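Novice:
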Amino acid sequence: MTDWTWFHRLASPPYVYRTAARLQTWFTALAGLLVGYGLFAGLFVAPPDYQQGDAFRIIYIHAPSAWLSMMCYSTMAIAAGVGLIWRMKIAHAVAAASAPIGASFTFLALLTGSLWGRPMWGTWWVWDARLTSELILLFLYLGYMALRTSFDDRTRADRASAVLAIVGVINLPIIHFSVYWWNSLHQGSTVMKFDKPSMPASMLWPLLACLLGFSFLYAALLCVRLRAEILLRERNASWLAGVVELR
Amino acid sequence: MKAQSGQTVSFSSACATLALRDVRLAVRRLGQVVQPVVFFLMVTTLFPLALNPQPSLMREIAPGVLWVAALLASMLALDSFFRSDFDDGTLEQLVICGQPLSALVASRMLVHWLIIGMPLVLASPLVALALYVPLAAVPSLMLSLLLGTGVLMFVGAIGAALTLASRRGGVLLSLLILPLVMPALIFGARSTDLVIHGEPAGGGIWLLAAMLVLSLTFAPLAAAAAIRICLE
Numbered sequence: 013m014t015d016w017t018w019f020h021r022l023a024s025p026p027y028v029y030r031t032a033a034r035l036q037t038w039f040t041a042l043a044g045l046l047v048g049y050g051l052f053a054g055l056f057v058a059p060p061d062y063q064q065g066d067a068f069r070i071i072y073i074h075a076p077s078a079w080l081s082m083m084c085y086s087t088m089a090i091a092a093g094v095g096l097i098w099r100m101k102i103a104h105a106v107a108a109a110s111a112p113i114g115a116s117f118t119f120l121a122l123l124t125g126s127l128w129g130r131p132m133w134g135t136w137w138v139w140d141a142r143l144t145s146e147l148i149l150l151f152l153y154l155g156y157m158a159l160r161t162s163f164d165d166r167t168r169a170d171r172a173s174a175v176l177a178i179v180g181v182i183n184l185p186i187i188h189f190s191v192y193w194w195n196s197l198h199q200g201s202t203v204m205k206f207d208k209p210s211m212p213a214s215m216l217w218p219l220l221a222c223l224l225g226f227s228f229l230y231a232a233l234l235c236v237r238l239r240a241e242i243l244l245r246e247r248n249a250s251w252l253a254g255v256v257e258l259r
Numbered sequence: 719m720k721a722q723s724g725q726t727v728s729f730s731s732a733c734a735t736l737a738l739r740d741v742r743l744a745v746r747r748l749g750q751v752v753q754p755v756v757f758f759l760m761v762t763t764l765f766p767l768a769l770n771p772q773p774s775l776m777r778e779i780a781p782g783v784l785w786v787a788a789l790l791a792s793m794l795a796l797d798s799f800f801r802s803d804f805d806d807g808t809l810e811q812l813v814i815c816g817q818p819l820s821a822l823v824a825s826r827m828l829v830h831w832l833i834i835g836m837p838l839v840l841a842s843p844l845v846a847l848a849l850y851v852p853l854a855a856v857p858s859l860m861l862s863l864l865l866g867t868g869v870l871m872f873v874g875a876i877g878a879a880l881t882l883a884s885r886r887g888g889v890l891l892s893l894l895i896l897p898l899v900m901p902a903l904i905f906g907a908r909s910t911d912l913v914i915h916g917e918p919a920g921g922g923i924w925l926l927a928a929m930l931v932l933s934l935t936f937a938p939l940a941a942a943a944a945i946r947i948c949l950e
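As they're listed, the protein sequences go chains A and B.
Position one of the first sequence corresponds to residue 13 (the working numbering), numbered consecutively onward.
Position one of the second sequence corresponds to residue 719 (the working numbering), numbered consecutively onward.
The structure is reproduced here in structure tokens:
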């Protein structure tokens, strides 16, 4: 028999609050180690690229940010779905906590891409399919957060924004492919150097470490924001007296 | 609905009654139907004024101008989707009337497609010819706009339902919906562009039709869920 009690315990704010606090320490430590190694090895140890020189090193920030921009959205949508189906308030708190982090990573991916594009492509911005779909993703995040703030009632904000997150996640592949299709008709294939299949190990390992490290960073940030959300939502609950010391 | 006590109204007659009521309301409040078209015509007039009105340039920008203007015009009309019914309580009656809400919502979407989308489609040849689009491209342009306005209406209904209970409707609604309907804009404008240059419209029309079917399938469910959330 499968033990389902863990699932029910997830509905309890005190339990989640304490678990998040405990996990946060671990996630922060892992993120620090992995990102620290990845950035050091990537920025100082890895050899410069034969074509791009040192400019390629922005990949150690750019690729993890782009990866997380999508992972945050899927986390948000799954949490929103769980909240909508099982009416689990904590799941809505996870979705609410995830959105600003995801928007920040999306912005960071766009920013680093643009900084990289200046020396490589000669412009800050090209209407490349990846850049454009990343930009639309940022708009989706902004719409989600705007909808959330437009309600006075928290339950209603939770559930309405959950519907939007799910609609968005159905639409994301369509947006992605439409942008690729549009792009392939407008201009020839852009020089995407990241498509290069082979990468020497001295470049690849730091990148993988950064990918994993950024994921842990996201998890740590999510714990911080989730605890803040729980504090906000449960501010009148009596269990908080035993957890938070008032100053 | 006109149910006598103890008598149940059949599902199809409920949808038909609602659709008939919406059409009648639209005919009586004609401004609601005419204003988006006037907006569409005015916005498309701005472009020749703002740019150099030479035929080659106009023909080049025509698909983009037509599609963006149609998008914005139908966006303006979205707020009227459920607003007045929400304000006077009709929407609550629709929720508790015992008929599947998503089907009622779908019937309303189809009516709005008829009363908002269709006038835009009918006005589009005028704009297209004024922008020096060749006459041969007009039927295909109208077809793509017909499909595209349908997608805009169906997806837009979700946004209209979500923003019902929020304090500020208009700007927020466009913020939510515009990213979601960008694919329709891409496919529509692109196929129009191809037709203007004398090529077959290609996959764009089919993809628009596919999106129309997809949104007609899922959008009523999402919009109905959103209405329930805003009313509970």
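Positions of the beta carbon are idealized from the N, C-alpha and C atoms, including for glycine.
Only a predicted model underlies this, so the values are computations on that prediction, with no experimental measurement involved.
(1) Comparing the C-beta of P901(B) with each C-beta of chain A, is any distance below 7 Å?
(2) Please report the distance separating the alpha-carbon of T161(A) from that of S214(A).
(3) Are any of the Cβ atoms in chain A nearer than 7 Å to that of R826(B)?
(4) Against chain B, does S162(A) count as a neighbour if the rule is that its beta carbon must be under 7 Å from one of theirs?
(5) Please report the straight-line C-alpha distance between E146(A) and L122(A), rounded to a whole angstrom.
(6) Please indicate yes or no: does the CB of A41(A) lie closer than 6 Å to some heavy atom of the ligand SAH?
(7) By the 10 Å Cβ neighbour count, where 16 or more other Cβ atoms means buried, how is D165(A) classified, buried or exposed?
(8) Taking beta-carbon pairs under 7 Å, can you tell me which members of the region 903-928 of chain B lie near chain A?
(9) How many Å lie between F117(A) and T17(A) at the Cα?
(10) List the whole-angstrom C-beta distance separating Y85(A) from L149(A), where the pair is believed to meet the contact cut-off of C-beta under 8 Å.
(11) Output yes if chain A places a C-beta closer than 7 Å to the C-beta of A940(B); else output no.
(12) Give the residues of chain A in contact with A780(B), contact being defined as C-beta atoms less than 8 Å apart.
(13) Whose Cβ in chain A lies nearer than 7 Å to the Cβ of I876(B)?
(14) Using a Cβ-Cβ cut-off of less than 7 Å, list which residues of the region 77-111 of chain A approach chain B; keep chain order.
(15) Just to confirm the assignment: which complete alpha helix (DSSP H) runs, minimum length 4, are found wholly within the region 162-201 of chain A?
(16) What do you get for L176(A), buried or exposed, if any count of 16 or more other CB atoms within 10 angstroms of its CB means buried?
(17) Does the distance from the CB of A174(A) to the CB of G254(A) come in under 7 Å?
(18) May I ask which residues mark the beginning and end of the alpha helix (DSSP H) holding G887(B)?
(19) Using a Cβ-Cβ distance cut-off of 7 Å, determine whether L838(B) contacts chain A.
(20) Against F936(B), what residues of chain A qualify as contacts under a CB-to-CB distance less than 9 Å, listed in chain order?
(21) Taking the C-alpha atoms as reference points, what is the distance between C222(A) and F228(A)?
(22) Provide the residue span of the alpha helix (DSSP H) that contains E241(A), from first to last.
Specialist: Well, looking at it:
(1) yes
(2) 45 Å
(3) no
(4) yes
(5) 7 Å
(6) In the structure shown, the ligand SAH is absent, as is every other ligand, since no ligand is present at all.
(7) exposed
(8) I904, F905, R908
(9) 34 Å
(10) 7 Å
(11) yes
(12) Chain A residues near A780(B): none, gap ~16 Å exceeds 8 Å.
(13) V179
(14) none
(15) 166-198
(16) buried
(17) no
(18) It is not in any alpha helix (DSSP H) - G887(B) carries neither H nor E in the DSSP assignment.
(19) no
(20) V179, I182
(21) 10 Å
(22) 213-245
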